[in-house]
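Only one structure is covered here, and it is reproduced in the block below.
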Amino acid sequence: MRRLAITVLTVALFVTAIGAQERVDEAAIARMKIEGFQHSQVTDTLSWISDVYGPRLTGSTNYRKAAEWARDQLTKWGVANAHLEPWGTFGPAWSVERFSVEIVEPTYTRIVAYPNAWTPSTPGVVRGTPVPVVIESKDDFPKYRSKLKNAIVMLGRPSKAASIFDPPGRRFTEQQLAERGAATDPGQPASYQAEEKEFLDFLGKPRAVMQFLKDEGIAALLEPSSRDDNVIEAAGIGYSLGTDPLFPAFVISKEQYGRILRMLDKKVPVTLELSLTTKFDSSDTQGYNVIAEIPGTDPALAGQVVMLGAHFDSWHSGTGAVDNGAGSAAVMEAVRILKAIGAKPRRTIRMALWGGEEEDYFGSLGYVTAHFGDPKTGTVKPEQATVSAYFNLDNGSGRIRGVNLQGNELVRPIFEQWLQPFQYLDASTLTVRNTGGTDHMPFNAVGIPGFQFIQDPLDYGSRRHHTSLDVYEAASEPDLEQASVILASFVYDAAMRDEMLPRRN
């Protein structure tokens, strides 16, 4: 017990010493606040990447145009070495040219729908009575085998729409933040490897079902949206370079899907007409990240880097404004602020806009693998030792309320002081908890401290995430301004420290 007490005391003294040595440049942060709050460009940037160049589906022509615009804009702001860096082969660019889903009998109704990504065109207009199919497991395959040739398949039954008694948008309460701050167990996801296994296991069933339907030769697939009120949540249907596309596939309004099923249950004849024209372009199958930096000025810290980033890709039924145009715009704004105030960081500040996050962290994973090590095995490269930290923003446009420490208690006293200038803006919570689902995970997997900020949820999860309502109007301008300034301050503080940030043991 005495040995334990001595050890605990030693750690406590070490942590106290870390906190005591922090120097926060209040004058620099004041200049960031003036630039970021009084001369903000964050929503103009968001409009460019969502209104003009949205959506930004991974590998699409729109993604490439958005990335090129971001590169050129960063260059105009004076950010150095702005470029598109390939992260690996993804596949052909895919786009929708036109589509229609209609009930033509018993009465005409235009269906609210959107094609799943990477679905092929229909051979003209497909007309027919839809066939309901419910597949819970591979054990259900035999009941449909040899019965679905050229059929319009309706896969599954929708969940019932829920009555809304609480507002869809919310901010964290003081009690909720206090509970997070009081946590002592980091919890799940414990690692990139564990999260990746869970993700691949999750994909296993739908991939098997899609392959079965392709083998049966269906004409088209309809699935109900998971969202209520005619909101569409469309994602991707499997496609990869060197394989044939599966079949035309749409997500349609849950309510209209349910109506069709109820009519079919009543033996009322229903006739649908579907048409879809999509385009695949294999001229460039590479995926790209946008990389730029503010070079460090201290020769003693030559080669050391602080990174910030956000994923730049989106799904395609909206314009990708809050997922994750908001985070991308804030990252760009953060480096713009630093350039505008003439910041001279000791370490290089490098920003990244990642591609392919929605599919499986492809952009950040490719970058980390190329430069720092293998997240799948944990083996590292020499360059890994030069990165102080990576800061990520990817939970909509809500204001920053604090930081998830990813189990790294050694940074708590440091971040406490970094957040001090923003307590009046409601940013003060630090929690030891892990959070996953975004691009800091590959960095943590190779031992680089990677952090995702705590953000107010607003209506991100309840209405906007991956849906047709993910549009510019969903973004909160004052929240994005706050997040941009805090991002700028965090990477600046990290770049100015005598030491790199401590790493989790």
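The working numbering applies: residue 1 is where the sequence shown begins, and numbers increase by one. Even for Gly, the Cβ is constructed at its ideal location relative to N, Cα and C. These numbers come from a predicted model, not from an experiment.
If we ignore side chains and look at the alpha-carbon of each, how far apart do residue i and residue j end up?
i      : j      : result
Thr369 : Val411 : 25 angstroms
His440 : Leu276 : 37 angstroms
Lys33  : Gln455 : 19 angstroms
Val24  : Trp87  : 36 angstroms
Arg497 : Glu22  : 8 angstroms
Pro132 : Leu155 : 6 angstroms
Phe202 : Ser121 : 27 angstroms
Pro206 : Glu233 : 16 angstroms
Glu102 : Asn404 : 46 angstroms
Ser468 : Ser314 : 11 angstroms
Val485 : Thr429 : 17 angstroms
Ser40  : Lys339 : 13 angstroms
Lys254 : Ala161 : 8 angstroms
Leu74  : Val126 : 46 angstroms
Ala495 : Pro158 : 50 angstroms
Thr431 : Lys138 : 42 angstroms
Gly507 : Tyr492 : Only positions 1 to 505 of the chain appear in this structure, which leaves residue 507 out of reach.
Thr173 : Leu480 : 19 angstroms
Asp459 : Asp229 : 15 angstroms
Gln185 : Val387 : The question names Gln, yet the displayed sequence has Asp at residue 185. When rounded, the distance between both Cα atoms is 26 angstroms.
Gly236 : Gly373 : 29 angstroms
Pro295 : Ala113 : 47 angstroms
Do you know whose CA, among the options, lies nearest residue i's CA?
i      : options                        : result
Phe443 : Ala334, Leu200, Lys376         : Lys376
Glu383 : Ile341, Asp244, Met500, Gly303 : Gly303
Val270 : Tyr257, Lys279, Gly447         : Tyr257
Ala93  : Leu148, Ser100, Thr285, Phe141 : Thr285
Pro123 : Phe99, Tyr390, Ala208, Glu105  : Phe99
Thr319 : Asn392, Ala66, Pro132, His39   : Ala66
Leu84  : Leu430, Trp354, Asp139         : Trp354
Ala300 : Ser159, Ile448, Glu359, Arg346 : Arg346
Glu223 : Val96, Val153, Pro142          : Val153
Ile260 : Pro245, Arg110, Val387, Ala182 : Arg110
Val305 : Leu274, Ile349, Asp265, Met263 : Ile349
Ile448 : Ser317, Thr379, Thr75          : Thr379
Tyr390 : Met307, Leu425, Asp426         : Met307
Glu477 : Thr297, Val42, Val231, Ala28   : Val42
Pro142 : Gln175, Leu213, Gly204         : Leu213
Val231 : Pro502, Val471, Leu480, Leu501 : Val471
Pro106 : Gly373, Val268, Ile135         : Val268
For residue i, which three-state DSSP category applies?
i      : result
Gln420 : helix
Pro457 : coil
Arg157 : coil
Leu469 : coil
Pro224 : strand
Val491 : helix
Phe312 : coil
Trp94  : strand
Tyr114 : strand
Val29  : At residue 29 the sequence reads Ile, which differs from the Val that was named. In this structure, Ile29 counts as helix in the three-state DSSP scheme.
Glu174 : helix
His83  : strand
Ser283 : coil
Trp77  : coil
Tyr288 : strand
Val305 : strand
Gln256 : helix
Tyr361 : coil
Thr7   : Reliability of the predicted coordinates at Thr7 is poor, the pLDDT of 40 falling under 50, and no value is obtained from them.
Met500 : coil
Tyr390 : strand
Are the Cβ atoms of residue i and residue j separated by less than 9 angstroms?
i      : j      : result
Leu79  : Ala352 : The identity of residue 79 in the sequence shown is Val, whereas the question assumes Leu. Contact flag unset, no.
Glu473 : Ala343 : no
Ile252 : Ala488 : no
Pro421 : Glu26  : yes
Ala330 : Ala151 : no
Ala475 : Gly325 : yes
Asn116 : Ala30  : no
Gly327 : Leu393 : yes
Leu272 : Glu216 : no
Arg64  : Ala82  : no
Leu246 : Thr119 : yes
Gly366 : Glu357 : no
Thr129 : Leu264 : yes
Glu359 : Thr58  : yes
Phe312 : Asn395 : no
His316 : Val96  : yes
Gly436 : Glu179 : no
Item to check | Inter-stretch contact at 8 angstroms, needing at least 3 Cβ pairs: the region 169-178 / the region 187-203 | outcome: no
Checklist entry - Should the region 460-468 be regarded as contacting the region 400-420, the criterion being three or more beta carbon pairs within less than 8 angstroms? => result no
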